[in-house]
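Read the structure below first, then the notes.
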Amino acid sequence: MSKHRLSASVDVELFRAAERAVEEGLAENISGWINAAMRRQVEHDQRMRALDESLATYEADHGEITAEDMEAASKRARSRAIVVRGGAPQLGSS
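Count the sequence shown with the numbering used here and you get residues 1 to 94, in order.
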(Lines of atoms letter the chains of each structure in order from A and count residues from 1; the text may use other names and numbers.)
(Lines give C-alpha, C1' and ligand atoms only; values in the text may rest on other atoms or scores of the structure.)
Protein backbone atom coordinates (compact mmCIF):
# COMPACT_ATOMS: atom_id res chain seq x y z
CA MET A 1 0.00 0.00 0.00
CA SER A 2 1.33 3.45 -0.80
CA LYS A 3 2.14 5.83 2.03
CA HIS A 4 1.54 9.55 2.53
CA ARG A 5 3.92 11.48 4.75
CA LEU A 6 2.35 13.85 7.27
CA SER A 7 3.31 16.10 10.11
CA ALA A 8 1.06 16.16 13.15
CA SER A 9 1.11 17.48 16.69
CA VAL A 10 0.02 15.01 19.34
CA ASP A 11 -0.36 15.03 23.10
CA VAL A 12 2.91 14.23 24.86
CA GLU A 13 1.44 11.24 26.72
CA LEU A 14 0.26 9.71 23.44
CA PHE A 15 3.70 10.13 21.89
CA ARG A 16 5.28 8.49 24.94
CA ALA A 17 2.82 5.61 24.66
CA ALA A 18 3.87 5.16 21.03
CA GLU A 19 7.54 5.15 22.05
CA ARG A 20 6.84 2.52 24.74
CA ALA A 21 4.97 0.37 22.23
CA VAL A 22 8.01 0.41 19.95
CA GLU A 23 10.40 -0.29 22.86
CA GLU A 24 8.23 -3.24 23.95
CA GLY A 25 8.14 -4.63 20.42
CA LEU A 26 4.43 -4.00 19.99
CA ALA A 27 5.08 -1.88 16.91
CA GLU A 28 7.94 -1.75 14.43
CA ASN A 29 8.14 2.04 14.65
CA ILE A 30 6.08 5.05 15.70
CA SER A 31 4.71 5.52 12.18
CA GLY A 32 3.43 1.94 12.20
CA TRP A 33 1.85 2.41 15.63
CA ILE A 34 0.10 5.60 14.51
CA ASN A 35 -0.99 3.95 11.25
CA ALA A 36 -2.57 1.09 13.21
CA ALA A 37 -4.34 3.56 15.52
CA MET A 38 -5.70 5.50 12.55
CA ARG A 39 -6.89 2.24 10.94
CA ARG A 40 -8.74 1.28 14.15
CA GLN A 41 -10.36 4.73 14.23
CA VAL A 42 -11.50 4.43 10.60
CA GLU A 43 -12.97 0.98 11.32
CA HIS A 44 -14.66 2.29 14.47
CA ASP A 45 -16.16 5.24 12.57
CA GLN A 46 -17.46 2.87 9.88
CA ARG A 47 -19.10 0.65 12.52
CA MET A 48 -20.70 3.67 14.19
CA ARG A 49 -22.10 4.89 10.85
CA ALA A 50 -23.51 1.43 10.17
CA LEU A 51 -25.06 1.36 13.65
CA ASP A 52 -26.60 4.81 13.10
CA GLU A 53 -28.08 3.62 9.80
CA SER A 54 -29.41 0.44 11.40
CA LEU A 55 -31.03 2.37 14.26
CA ALA A 56 -32.54 4.89 11.85
CA THR A 57 -34.04 2.06 9.79
CA TYR A 58 -35.39 0.35 12.92
CA GLU A 59 -36.92 3.59 14.21
CA ALA A 60 -38.45 4.36 10.81
CA ASP A 61 -40.17 0.97 10.91
CA HIS A 62 -41.05 0.76 14.62
CA GLY A 63 -40.95 4.27 16.04
CA GLU A 64 -38.39 6.09 18.13
CA ILE A 65 -36.56 4.11 20.80
CA THR A 66 -37.47 5.75 24.11
CA ALA A 67 -35.67 5.91 27.45
CA GLU A 68 -38.33 3.51 28.75
CA ASP A 69 -37.51 1.05 25.95
CA MET A 70 -33.82 1.26 26.86
CA GLU A 71 -34.54 0.71 30.57
CA ALA A 72 -36.75 -2.30 29.82
CA ALA A 73 -34.08 -3.81 27.55
CA SER A 74 -31.43 -3.23 30.20
CA LYS A 75 -33.56 -4.94 32.86
CA ARG A 76 -34.19 -7.93 30.55
CA ALA A 77 -30.46 -8.24 29.85
CA ARG A 78 -29.55 -8.05 33.55
CA SER A 79 -32.16 -10.67 34.44
CA ARG A 80 -30.57 -13.11 31.98
CA ALA A 81 -26.96 -12.31 32.90
CA ILE A 82 -24.70 -15.00 34.28
CA VAL A 83 -22.38 -13.70 36.98
CA VAL A 84 -18.83 -14.91 36.36
CA ARG A 85 -17.11 -12.96 39.14
CA GLY A 86 -17.33 -13.37 42.85
CA GLY A 87 -16.84 -16.24 45.21
CA ALA A 88 -18.06 -19.77 44.89
CA PRO A 89 -21.70 -20.39 45.79
CA GLN A 90 -22.20 -21.09 49.49
CA LEU A 91 -23.64 -24.44 50.46
CA GLY A 92 -27.22 -24.17 51.55
CA SER A 93 -27.75 -20.80 49.92
CA SER A 94 -30.03 -20.25 46.97
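Heads up, the beta-carbon is just placed ideally off N, CA and C, and yes, glycines get one too. Just so it is clear, the structure is predicted and the values come from calculations on it, not from any experiment.
L6 and I34 have their C-alpha atoms spaced approximately 11 angstroms apart. DSSP places R39 within a helical segment (H, G or I) once states are collapsed to three.
When rounded, the separation of the alpha-carbon atoms in E24 and R47 is 30 angstroms. Here A18 is buried: its Cβ has 16 or more other Cβ atoms, across all protein chains shown, within 10 Å. M48 sits in a helix when the DSSP states are folded into three classes. E64 has its alpha-carbon roughly 14 angstroms from the corresponding atom of A72. With fewer than 16 other CB atoms across the displayed protein chains lying within 10 angstroms of its CB, A56 is exposed.
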